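Undergrad: Sharing a structure below in structure tokens format, with a few things to ask.
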Amino acid sequence: MSDVLSLSPEEVTAVRLSLRIAAMATIASLPFGIAAAYAVARWRFPGRGLLDGLIHLPLVLPPVVTGFLLLLLLGRKGVLGAFLADHFGIVFSFRWTGAALAAAVMGFPLMVRAIRLSIESVDRRLEAASGTLGAPPLATFFLITLPLAFPGIVVGSILSFAKALGEFGATITFVSNIPGETQTISALIYTNTQVPGGDAGAMRLMLVSTVIAFAALLVSELVQRRARRRLSLVP
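Residue numbering for the sequence shown is 0 to 234, as defined by this note's numbering.
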């Protein structure tokens, strides 16, 4: 029984790397997620529907296709990847930073959707009143819209983190399955299922992944409730 519950050094490394990648993916994409959600929720401009479609495209594309597109664009010899590598020394393919980028792309639609719904629920009369009192649009955004949309930002961040934690298809296509560098929990589970006697390791990692995902959702719910109480949105 202890063998079933005890993680091997390789599994511990995969868990730590997965948490690192998921956290980096969420933190790095959050400002862009807020900006995209606000643009789609509040602005009216030509191409708004196209932008919304592009944001949600990773949800409907096969993850392998998304990973392959990232490889074509940001791979070492990709359209943009070669430029970044040659001029700035930035390389994403087959690096943990590339895994974070792929995870961020896959979780971005979930983040934007949750934040967008939260922004759309903010009473525009409050924003208008702020403008009437002389506050510039940027101040209104940071002092009115953003605090009131905070529960949605929390939900979007948690959903993006959970998606990043379990991402597999796009990640393995873009950065492969390199132990200690890009081998996440999902990739190691896949590896264990392909070798004799690997079922126990796959089961351990499955339990770890489930516990982390459930804890993330629980934290999200608790933070939402506290935020709503503070904002007097619920009794």
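Backbone N, C-alpha and C fix where the C-beta goes; we use that ideal spot for every residue, glycine too. No experiment lies behind these values; they were computed from the predicted model shown.
Look at the Cβ atom of Leu69, then the Cβ atom of Leu100, and state whether they are nearer than 8 Å.
TA: Cβ atoms of Leu69 and Leu100: closer than 8 Å.
Undergrad: Between which two residues does the alpha helix (DSSP H) holding Asp85 run?
TA: Unbroken alpha helix (DSSP H) run through Asp85: 80-87.
Undergrad: Less than 8 Å between C-beta atoms, sequence neighbours within five positions excluded: which residues of the same chain meet that for Ser175?
TA: Excluding sequence neighbours, Ser175 sits near Phe93, Thr181.
Undergrad: Can you tell me the Cα-Cα spacing of Ile211 and Gly179, whole angstroms?
TA: C-alpha separation (whole angstroms): 20 Å.
Undergrad: Determine the extent of the alpha helix (DSSP H) in which Asp51 is found, giving its start and end residues.
TA: Unbroken alpha helix (DSSP H) run through Asp51: 47-59.
Undergrad: Grouping DSSP H, G and I as helix and E and B as strand, with all else coil, what is Ser1?
TA: Because Ser1 sits at a pLDDT of 43, beneath the cut-off of 50, its placement in the model cannot be relied upon, and the following sentence gives the value as read from the coordinates. Residue state, collapsed to three classes: helix.
Undergrad: I need the DSSP call for Gln223, collapsed to helix, strand or coil.
TA: Helix.
Undergrad: Any C-beta of chain D sitting closer than 8 Å to the C-beta of Gly46?
TA: No chain D appears in this structure, which consists of one protein chain only.
Undergrad: Going by other Cβ atoms of all chains shown within 10 Å of its Cβ, with 16 needed for buried, is Trp95 buried or exposed?
TA: Classification for Trp95: buried.
Undergrad: Distance, Cα to Cα, Ile143 vs Ser219?
TA: Going from the Cα of Ile143 to the Cα of Ser219 covers about 22 Å.
Undergrad: In whole angstroms, what separates the C-alpha of Lys162 from that of Glu119?
TA: Distance between the alpha carbons of Lys162 and Glu119: 23 Å.
Undergrad: Which complete alpha helix (DSSP H) runs does the stretch 121-151 hold, if anything under 4 residues is left out?
TA: Taking only runs of at least 4 residues, the alpha helix (DSSP H) segments lying wholly in the stretch 121-151 are 123-131, 136-139.
Undergrad: So what does DSSP say about Trp42, is it helix, strand or coil?
TA: It is coil, neither helix nor strand.
Undergrad: Taking the alpha carbon of Ala169 as the point to measure from, which residue in Gly106, Lys76, Leu221, Ala22 has its own alpha carbon closest?
TA: Selected option, being the one with the closest Cα: Gly106.
Undergrad: Counting along the chain, where does the alpha helix (DSSP H) carrying Leu70 start and finish?
TA: From DSSP, the alpha helix (DSSP H) with Leu70 extends over 62-73.
Undergrad: For the alpha helix (DSSP H) containing Val104, name the first residue and the last one.
TA: Per DSSP, Val104 belongs to the alpha helix (DSSP H) from 95-119.
Undergrad: For the candidate residues Arg123, Ile152, Leu204, whose alpha-carbon lies nearest to that of Ala36?
TA: Out of Arg123, Ile152, Leu204, Ile152 has the C-alpha closest to the C-alpha of Ala36.
Undergrad: Tell me which same chain residues have a C-beta within less than 7 Å of the C-beta of Ile188, skipping the five on either side of it?
TA: The residues are Ala201, Leu204, Met205.
Undergrad: Cα separation between Val222 and Val154?
TA: Straight-line Cα distance between these residues: approximately 9 Å.
Undergrad: Tell me whether the beta-carbon of Ile184 lies closer than 8 Å to the beta-carbon of Ser17.
TA: Contact flag set, yes.
Undergrad: Whose C-beta lies closer than 6 Å to the C-beta of Ser28 among residues of the same chain, with five residues either side of it excluded?
TA: The answer, listed in chain order, is Ala103, Phe107.
Undergrad: Could you give the residue range of the alpha helix (DSSP H) that holds Ser185?
TA: 184-192 is the extent of the alpha helix (DSSP H) around Ser185.
Undergrad: Could you pull the start and end residues of the alpha helix (DSSP H) that Thr170 belongs to?
TA: Segment 168-174, the alpha helix (DSSP H) holding Thr170.
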